[in-house]
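*Asks:* This is the structure I have questions about; it appears just below.
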Amino acid sequence: MNEVEEIQPYSKSAITGFVLCVISIPFFFVGIIPVIAIVFSSIGLNATGKKHKMRGRLMAWLGLVIGIVYAIKSGLLYFGYIEW
0 MNEVEEIQPY SKSAITGFVL CVISIPFFFV GIIPVIAIVF SSIGLNATGK
50 KHKMRGRLMA WLGLVIGIVY AIKSGLLYFG YIEW
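Count the sequence shown with numbering that gives the first Met the number 0 and you get residues 0 to 83, in order.
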């Protein structure tokens, strides 16, 4: 018998977090974009865990890491530790 495996959908939160982190690279000076990327990536990371069978765990991790880096960079720019 031929069993067909069901293709699991991608987590929309992971995709949203990844897209926002990519947008935050050139627009890191708008400090809210990396923060929102961190939030969505965290939700996406939770949605793609072992109990949940959704895809997109790598996108969620990348969104989280890049979002954190650019949130720190935005904070340093805001408080004057780095300049343009």
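Backbone N, C-alpha and C fix where the C-beta goes; we use that ideal spot for every residue, glycine too.
What do you reckon, are the CB atoms on residue 54 and residue 44 nearer than 9 Å?
*Replies:* In the sequence shown, residue 54 corresponds to position 55, counting from 1. In the sequence shown, residue 44 corresponds to position 45, counting from 1. Not a contact, by the Cβ cut-off of 9 Å.
*Asks:* Would you report the Cα separation of residue 41 and residue 6, rounded to the nearest angstrom?
*Replies:* For this step, residue 41 is matched to residue 42 along the sequence shown. For this step, residue 6 is matched to residue 7 along the sequence shown. So the alpha carbons of these two residues sit roughly 23 Å apart.
*Asks:* Helix, strand or coil for residue 80? Go by DSSP, reduced to three states.
*Replies:* For the purposes of this step, residue 80 is identified with residue 81 of the sequence shown, where counting begins at 1. Here residue 80 sits in coil by DSSP.
*Asks:* Excluding sequence positions up to five away, which residues of its chain have a Cβ less than 7 Å from the Cβ of residue 12?
*Replies:* In the sequence shown, counting from the first residue as 1, residue 12 sits at position 13. The answer, listed in chain order, is 39, 42, 43, 46.
*Asks:* Are the CB atoms of residue 74 and residue 36 within a distance shorter than 9 Å?
*Replies:* In the sequence shown, the residue the question calls residue 36 occupies position 37. In the sequence shown, the residue the question calls residue 74 occupies position 75. It is not a contact, given that the beta carbons lie outside the stated cut-off.
*Asks:* Just list the residues that DSSP pairs residue 9 with in beta bridges.
*Replies:* Start at 1 with the first residue of the sequence shown, and residue 9 comes out as number 10. Bridge partners of residue 9: 54.
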